[in-house]
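Asks:
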Amino acid sequence: MTAVDAPAPQAARAAGQTGAIHALTWLAVRQIRRGAIVVIVLAGGMSAMVATTYASTVGDTMDAAALAALAENPAIRTLFGQPVALDSAGGFTVWRTGTVLAVVVGVWALLAATRITRGAEDAGHWDLLLAGRIPLSTVVMRHATVVVTAALFTGVSTAAALTATGTPAAGATLHGAGVALVGVFFAAAATLAAQIFPHRAAASGATVALLGTGLLLRMVGDGVDGLGWLRWLSPFGLTAISRPYHDNRALPLVVLALASSALLVAIPAAAAHRDVRGGWFAPRTGRAPRLRLLGSIPGFALRRLLGPLTGWAAGVGVYYLLIGLLAVSMTDFLADNPRFADLAAQAGFAGLGSVEGYVAAMFVLLAIPAGVFAAVRVAATATAETDRRLTLLYAGPVTRLRFLTAETASTATGAVTLTATAGLATWIGARSIGAPLHLEAALAGAVNVLPIAALCLGAAVFALGWLPRAVSLVGSLPAVGGFLLQAIADSTGAPHWVGTLSPFTHLAPVPDLAPNWTASVGMLITAGAVAAVGAIGYHHRDLRT
Amino acid sequence: MDAFAVRTVGLIKRYGRLLALDALDLAVPAGSVFGFLGPNGAGKSTTIRLLLGMARPTAGYARIFGTDAQDVRVTHRSLAYVPADVALWPQLTGAETLELLGRTGPGVDRGYRDELVERFALDVSKPGRTYSTGNRQKVALVAAFATRAPLLVFDEPTSGLDPLMEREFQHAVAQARERGQTVFLSSHQLAEVESVCDRVAILRAGKLVEVADVANLRRLHRSQVEVTFAGTAPQLDGVPGVEAVERVGPTRLRFTLTGPPAPALRGLATADVTALTIHEPTLEEIFLDYYDEVSR
Ligand SMILES: Nc1ncnc2c1ncn2[C@@H]1O[C@H](COP(=O)(O)OP(=O)(O)OP(=O)(O)O)[C@@H](O)[C@H]1O
Ligand SMILES: [Mg+2]
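So the protein lines, in turn, are chains A and B. Under full-length UniProt numbering, the first residue of the first sequence carries the number 1, and numbering increases by one thereafter. Under full-length UniProt numbering, the first residue of the second sequence carries the number 1, and numbering increases by one thereafter.
The structure is reproduced here in structure tokens:
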């Protein structure tokens with residue numbers, strides 16, 4: 001404020017306030033921009049890719065009878081959503097990528113929102129900020145607005161990509177709006193949860209549970225005739241019944257927009273009446289000590305693993321239970337409709353006609369949560385280091401290598417448990433409807449993805465040593481990047497070697513076929529080597545305390 | 001065991017182009033309470049992180065009881081540390097944190113730990129996230145003292161403590177000294193340093209500017225002397241240790257005195273001195289003298 005002719009101090013104060021708000025916005029933008037760009041590019045890229053390759057992959061195999069069969073099958077509807085307008089590139093893209101995209105945008109938005117609000121507040125980064133003249137609710141709303149804006153851009157990117165590839169603008173706009181609103185809804189819900197719960201993990205956990213419930217409602221509503229109304233209760237269901245490229249109904253999205261607005265309006269009210277670093281649910285102020293698993297570094301690593309692992313196992317378990325329950329209905333459908341079996345084979349899911357082939361194809365997807373789990377756990381270690389929670393442990397007589405080994409081993413144990421849970425859940429689901437699936441076969445199929453999870457763990461440890469700021473991004477790359485690479489290579493006719501870069505190309509569909517031992521051992525060795533390079537970096541660098 | 005609890009030789013630490021520590025040579029005799037002082041950003045915490053093997057030196061080395069500081073499996077068996085900014089696991093209660101640190105650390109004297117919990121008036125049933133700054137520091141202090149480790153490394157351990165707790169801290173340091181433990185204490189609390197430390201080192205912009213016994217520090221410094229006399233002024237020209245001679249009145253003279261006072265007293269004997277005051281500098285003035293030179 002150097003202006004000498006400022007008419008009144010009030011004006012100067014207002015200008016200062018504006019400057020502070022700008023600084024705040026910039027602070028929030030800087031914290032999410034990398035992830036936001038990835039999600040925005042992914043949304044546009046994935047949509048454009050599927051839409052442009054529609055003619056070559058699907059176009060001529062679709063006829064009215066096939067579509068009717070597809071639309072009637074409850075298993076298909078449950079897993080992928082109700083197929084509408086599959087006879088157009090736009091409609092097919094919505095069906096093929098819509099749910100995945102909405103989940104990706106929703107999960108990113110909720111994690112980003114809790115990280116930059118409650119996470120920053122918990123770490124004390126807001127203490128100085130809040131000592132200034134900006135009130136807590138303004139700071140919270142600013143951060144929420146930035147995440148909401150990023151979510152809106154994912155919708156713009158989706159709609160732009162679909163319009164650019166020549167699909168009708170109305171459908172593209174509606175689908176883009178749906179994707180964006182799912183992101184907005186979960187960003188708002190997460191920010192609200194961050195006002196209610198006194199720490200970040202609880203806020204993220206509650207919102208992830210909300211997202212899981214929404215997804216489940218959508219699946220049940222799509223799959224079971226007569227329960228279709230359940231979809232009105234779920235963000236994913238609302239985007240489904242807006243039926244882009246078919247009916248183009250705006251009402252469901254209006255409902256979603258209103259629900260999101262209600263959440264956004266509730267945020268300042270919830271923030272206004274709480275303490276900084278406090279929540280509505282006050283943490284308990286005293287309890288008797290629980291001394292289990294505090295006696296050693298590996299024990300403590302295990303203790304920190306148990307909570308998050310339970311959450312992940314519950315989510316993955318429910319999903320694979322559903323996969324098991326749908327086994328018969330799905331395989332019968334594909335056996336009766338060979339055209340779809342061909343289509344699925346083109347998309348990398350061969351052998352869907354038998355129960356074992358079907359679960360094998362579904363287990364391939366398990367590599368993604370297992371790999372991301374590994375990356376996120378190592379990222380939590382990196383965060384504990386920056387937040388100085390590890391300082392007192394490092395001051396004990398434990399070498400960094402031993403510490404890293406304990407963290408890696410506990411994460412690996414978690415990944416094994418997670419995949420075994422998925423195998424067990426699938427078996428329980430399949431057995432309860434009488435599908436012929438052996439427990440060993442289910443478990444073998446599930447643990448078959450562990451080499452990819454190991455690659456993620458190795459990459460995450462590498463990042464911990466050399467790029468400690470990007471652990472979750474680098475760690476997720478083998479699973480998420482590999483999956484996308486394979487999908488892109490398969491559907492765009494890229495040179496063969498491009499596809500071979502993806503670990504998924506080397507993953508045998510177990511239990512349908514025997515495991516590819518050579519590839520699995522090769523991946524494990526690669527993972528070990530990458531992790532070793534990471535350990536060297538971790539040993540030699542300064543701790544970021 | 002080495003006669004020096006801590007020894008650094010030509011220790012250099014660079015952060016990019018910033019030279020945080022410039023060839024530090026330091027020797028802390030075992031059994032002493034060693035104060036480590038300096039203005040903000042002087043490199044105190046950096047030195048401590050190097051001593052703990054948490055940061056890697058650019059050049060030179062540090063030894064703890066004769067073992068290289070990088071070999072933490074050995075060195076950390078004989079030291080305990082309290083950082084400047086204590087962060088606890090939010091979900092662990094104080095008791096759980098103490099248990100974790102006791103069992104993964106260099107050892108623990110449980111009886112003494114319980115006594116310390118009592119003395120520091122620490123409520124150990126609270127989860128980490130609900131502790132105030134001072135209480136977090138107390139958890140770390142209790143854990144460190146309870147190890148009975150031969151070397152205690154403290155980085156501004158009392159910045160958040162109230163005066164009562166500050167007194168308990170000084171009491172615990174005194175007890176540690178009696179048991180022959182070495183204490184390496186970085187602090188901005190000069191009164192605390194004066195009352196607990198045997199020896200101090202002063203660091204400025206990564207360089208050591210002084211290492212001295214606290215008792216000797218005063219002697220190295222100038223005292224202000226003021227004399228009142230009758231008749232002719234005393235002859236002080238060329239007297240060793242006397243500087244800045246100044247007439248402040250017709251019968252009053254002021255000068256500064258460094259080193260032994262005998263020559264000055266002989267000079268004063270040449271006149272009829274009616275009053276003499278010697279103002280010794282406080283430790284605070286001495287430190288500020290050192291710190292001040294930063295801006296010069
Ligand atoms: N990780 C780092 N990266 C870059 N520079 C650093 C890092 N850590 C410390 N420095 C710089 O090194 C110098 C010494 O910092 P240090 O923390 O050792 O100071 P200090 O003496 O402990 O100060 P204070 O009394 O404020 O605690 C400072 O200029 C600081 O900015
Ligand atoms: Mg410091």
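We treat Cβ as the ideally placed atom computed from N, Cα and C, and that holds for glycine. Since the model is a prediction, treat every value here as computed from it, not as a measurement.
What does DSSP give as the partner residue(s) for Arg110/B in the beta ladder?
Replies: Its beta-bridge partners do not exist; DSSP assigns none.
Asks: Assuming Leu50/B and Ile64/B form a contact by the criterion Cβ under 8 angstroms, report the distance between their Cβ atoms to the nearest whole angstrom.
Replies: Contact doesn't hold; Cβ gap of about 11 angstroms is too wide.
Asks: Does the CB of Tyr131/B have a neighbour CB from chain A at under 7 angstroms?
Replies: Cβ-Cβ to chain A under 7 angstroms: no for Tyr131/B.
Asks: What do you reckon, are the CB atoms on Ala71/A and Ser329/A nearer than 7 angstroms?
Replies: Result no, Cβ atoms of Ala71/A and Ser329/A do not sit closer than 7 angstroms.
Asks: Report whether the distance from the Cβ of Ala42/B to the nearest heavy atom of ligand 1 is below 6 angstroms.
Replies: Correct: Ala42/B has its Cβ closer than 6 angstroms to ligand 1.
Asks: Between the region 393-421 of chain A and chain B, which residues of the former have CB atoms less than 9 angstroms from a CB of the latter, in chain order?
Replies: So the list reads Leu393, Tyr394, Ala395, Gly396, Pro397, Val398, Thr399, Arg400 and Arg402, given in the order they occur along the chain.
Asks: So, does the CB of Ala535/A fall closer than 7 angstroms to a CB anywhere in chain B?
Replies: No - not a single Cβ of chain B is within 7 angstroms of the one on Ala535/A.
Asks: For Val94/A versus Pro235/A, is the C-beta distance shorter than 7 angstroms?
Replies: No.
Asks: Grab the span of the alpha helix (DSSP H) containing Gln224/B for me, first residue to last.
Replies: Taken as a continuous stretch (DSSP letters only), Gln224/B belongs to no alpha helix (DSSP H), being part of the beta strand (DSSP E) at Ser223 to Ala230.
Asks: Is Thr545/A near ligand 1, with its Cβ less than 6 angstroms from a heavy atom?
Replies: It does not: the Cβ of Thr545/A is nowhere closer than 6 angstroms to a heavy atom of ligand 1.
Asks: If you measure from the beta carbon of Arg388/A to each beta carbon in chain B, is any gap under 7 angstroms?
Replies: Interface residue, yes.
Asks: At a threshold of 6 angstroms, does Ala314/A count as lining ligand 2 (C-beta to nearest heavy atom)?
Replies: False, no ligand heavy atom lies under 6 angstroms from that Cβ.
Asks: Check whether chain A comes within 7 angstroms of Arg73/B, counting only Cβ atoms and requiring the distance to be less than that.
Replies: Yes, its Cβ sits closer than 7 angstroms to a Cβ of chain A.
Asks: Within 7 angstroms of any Cβ in chain B, is that where the Cβ of Pro289/A sits?
Replies: Yes - at least one Cβ of chain B is within 7 angstroms of the one on Pro289/A.
Asks: Within the same chain, show all residues whose beta-carbon is closer than 6 angstroms to that of Val148/A, passing over the 5 residues directly before and after it, in chain order.
Replies: Same-chain partners within the cutoff: Val184 and Ala187.
Asks: Sorted by chain position, which residues of the same chain lie with C-beta nearer than 6 angstroms to Gly60/B's C-beta, five sequence neighbours on each side aside?
Replies: Val9, Gly10, Leu11 and Ile12.
Asks: For Asp213/B, list the residues DSSP reports as bridge partners.
Replies: Answer by DSSP bridge pairing, in chain order: Arg199/B.
Asks: Which chain A residues are close to Pro90/B, counting only those with a beta carbon under 7 angstroms from its beta carbon?
Replies: Here the neighbours are His199.
Asks: Measure the beta-carbon distance from Leu457/A to Ala374/A and round it to whole angstroms, keeping in mind my assumption that it falls under 8 angstroms.
Replies: Leu457/A to Ala374/A, Cβ: 4 angstroms. Contact.
Asks: Taking Asp85/B as the query, report the chain A residues whose CB atoms sit under 7 angstroms from its CB, ordered along the chain.
Replies: By Cβ distance, chain A contributes Arg388.
Asks: Output needed in chain order: residues of the region 113-128 of chain B with a Cβ under 9 angstroms from some Cβ in chain A.
Replies: Hits within the stretch, in order: Asp123, Val124, Ser125, Lys126, Pro127 and Gly128.
Asks: Just to confirm my understanding: we take His273/A, look at its own chain, exclude 5 residues before and 5 after, and list those with CB closer than 7 angstroms. What are they?
Replies: Within the same chain, His273/A has no close Cβ partners at all.
Asks: Mind listing the chain A neighbours of Pro57/B? Cutoff is C-beta to C-beta under 9 angstroms, in chain order.
Replies: Under the 9 angstroms cutoff, chain A gives no residues; its nearest Cβ is about 10 angstroms from Pro57/B.
Asks: If you scan the region 9-85 of chain B from start to end, which runs of the alpha helix (DSSP H) of 4 or more residues do you find wholly inside it?
Replies: If we require 4 residues or more, the alpha helix (DSSP H) runs fully inside the region 9-85 of chain B come out as 44-51 and 72-75.
Asks: With a cut-off of 7 angstroms, does the C-beta of Ile297/A fall near any C-beta of chain B?
Replies: Yes - at least one Cβ of chain B is within 7 angstroms of the one on Ile297/A.
Asks: Quick check on DSSP: helix, strand or coil for Ile368/A?
Replies: Here Ile368/A sits in helix by DSSP.
Asks: The region 24-54 of chain B: which residues have C-beta closer than 9 angstroms to a C-beta of chain A, in chain order?
Replies: Under the 9 angstroms Cβ criterion, the region 24-54 of chain B contributes Arg49, Leu52, Gly53 and Met54.
Asks: Please list, in chain order, the chain A residues whose beta carbon lies closer than 9 angstroms to that of Arg17/B.
Replies: Simply none; closest approach about 16 angstroms.
Asks: Does any residue of chain A bring its CB to less than 7 angstroms from the CB of Arg103/B?
Replies: Chain A, which has a Cβ nearer than 7 angstroms to the Cβ of Arg103/B, makes this yes.
Asks: Measuring only between beta-carbons, confirm whether Leu236/B sits less than 7 angstroms from chain A.
Replies: It does not: the Cβ of Leu236/B has no partner Cβ on chain A nearer than 7 angstroms.
Asks: Contact criterion: CB-CB distance below 7 angstroms. Does Leu543/A meet it with respect to chain D?
Replies: Looking for chain D here will not work: the only protein chains present are A and B.
Asks: At what residue ranges does the region 152-197 of chain A contain a whole run of the alpha helix (DSSP H), taking only runs of 4 or more?
Replies: Within the region 152-197 of chain A, the complete alpha helix (DSSP H) runs of at least 4 residues are 169-196.
Asks: Closest to Gly91/A by C-alpha separation, out of His540/A, Arg303/A and Ile241/A, would be which residue?
Replies: Taking only the C-alpha atoms, the option nearest Gly91/A is Ile241/A.
Asks: Who are the near neighbours of Arg34/A in its chain, counting only those whose CB is closer than 7 angstroms to its CB and skipping five residues on each side?
Replies: Taken in chain order, the list of residues that qualify is empty.
Asks: Tell me the rounded alpha-carbon separation between Arg218/A and Leu79/A.
Replies: C-alpha separation (whole angstroms): 10 angstroms.
Asks: Skipping 5 residues on each side, what residues in its chain have a beta carbon closer than 6 angstroms to that of Ala69/A?
Replies: Cβ neighbours of Ala69/A beyond the five flanking positions: Asn337.
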